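Structure first, commentary second.
What follows is the structure in structure tokens.
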């Protein structure tokens with residue numbers, strides 16, 4: 046059995062800002078409370094371990110500085126996951142003890158790094174190869190975590206030539222092929238009864254749910270929309286209103302899901318806000334608790350300006366020779382690209398703080414906003 050390589054932690058201080066002071070944990074175990082001036086000097090000269098370096102720079106009233114930012118390491122090790130951008134948030138998500146104070150938080154930062162690097166060392170061979178390819182490119186671009194990540198992944202020797210470096214970022218070549226299919230046959234027109242909708246609602250709510258007769262009445266009323274049409278090309282319209290707390294979402298999901306199953310058709314649920322869209326998506330976990338089945342049956346659809354454009358990503362990767370500073374951002378985007386559920390940059394599984402850390406141009410800016418998508422016609 047091959048032992049994983051030893052973890053290589055950077056021999057630098059860990060900094061956590063408090064109220065007017067900064068807690069510092071040094072590699073030798075020393076703990077200090079620093080004023081902003083001394084903390085700023087350390088930040089500018091030592092590439093410290095931090096959480097959200099730009100936020101720390103703003104609190105220290107200094108320009109941005111290079112650092113071992115744990116949020117970047119988190120985004121690399123756990124792409125398409127998010128957390129609160131703080132020591133407490135990272136500890137909570139990783140199952141580590143919550144820091145008691147700022148000094149305790151500074152002590153926790155190297156432990157967070159160890160935990161993430163340990164996860165990285167346990168990747169299967171395919172995931173290991175993908176992570177290594179991205180890490181090499183990011184290291185050549187000056188990523189502070191690069192040496193630690195490469196050591197964890199067992200890389201030794203010189204970094205490869207530029208052409209091989211770019212190959213590690215070409216993640217679009219690893220995505221599954223997809224193609225259009227012939228249009229499905231038209232759906233059936235079998236009705237949904239009020240009793241069936243109430244039964245489906247009860248199944249979605251589960252046996253321990255609160256008894257809400259108004260919600261069941263709402264589901265029954267919504268069934269009228271799913272009756273056979275009385276006029277060709279004219280819908281059955283239901284204008285239903287209910288108070289806050291009624292449970293309207295599951296009230297119309299219940300008959301809608303029944304109609305889709307019975308008639309082998311598609312139901313579109315249009316929302317006015319992204320918040321409601323996320324709420325409905327979450328509620329559909331009740332209907333499809335298995336993630337694979339849900340992925341086959343549920344699609345969240347938005348305008349193309351919300352999604353990562355693979356052509357834009359490819360063009361950005363090809364331009365790395367003239368913009369080497371983009372390597373870190375593009376490496377993290379490549380990691381996210383292979384892990385994301387649907388490529389949604391706005392309101393999906395893309396961490397909102399990542400664009401702040403590495404720049405909007407090579408994150409949110411990779412969405413199609415120019416109307417040039419070849420699949421949009």
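In the working numbering, the protein residues as written are 46 to 422. Note that CB positions come from ideal geometry on N, CA and C, so glycine has one too. It should be emphasised that the depicted structure is a prediction, and the values quoted were computed from it without experimental measurement.
Among the candidates the options, whose CA atom is the shortest distance from the CA of residue i?
i	options	result
residue 161	118, 410 and 278	118
residue 87	100, 97, 74 and 105	105
residue 112	99, 121 and 123	99
residue 340	385, 156 and 372	385
residue 73	152, 401, 412 and 226	152
residue 134	97, 121, 323 and 148	97
residue 194	297, 263 and 165	165
residue 64	295, 297 and 148	148
residue 129	346, 137 and 260	137
residue 284	155, 204 and 297	297
residue 290	322, 305 and 256	256
Leaving out five residues on either side along the sequence, give the residues of the same chain with a beta carbon under 8 Å from the beta carbon of residue i.
i	result
residue 281	269, 270, 271, 272, 274 and 275
residue 354	411, 412, 413 and 418
residue 301	267, 271, 312 and 314
residue 56	72
Contact check, residue i vs residue j under 8 Å by CB: the rounded distance?
i	j	result
residue 163	residue 52	7 Å
residue 372	residue 183	5 Å
residue 232	residue 309	6 Å
residue 374	residue 344	28 Å between Cβ atoms; not a contact.
residue 84	residue 76	With 8 Å as the limit, residue 84 and residue 76 do not qualify as a contact, their Cβ atoms being about 13 Å apart.
residue 132	residue 144	6 Å
residue 176	residue 168	6 Å
Give every residue of the same chain whose Cβ lies closer than 7 Å to the Cβ of residue i, excluding the five residues on either side of it in the sequence, and list them in chain order.
i	result
residue 158	54, 94, 115 and 118
residue 239	265 and 268
residue 362	211, 214, 215 and 375
residue 401	99
residue 261	243 and 246
residue 80	66
residue 299	242, 245, 246, 249 and 264
residue 359	217
residue 351	389, 390, 391 and 412
Whose C-beta lies closer than 6 Å to the C-beta of residue i among residues of the same chain, with five residues either side of it excluded?
i	result
residue 382	216
residue 127	396
What is the DSSP secondary structure of residue i, counted as helix, strand or coil?
i	result
residue 73	coil
residue 343	coil
residue 112	coil
residue 84	helix
residue 129	coil
residue 317	coil
residue 94	strand
residue 78	strand
residue 391	coil
For this session: Report yes or no: do three or more beta-carbon pairs, one from the stretch 322–339 and one from the stretch 271–283, lie closer than 8 Å?
Result: no
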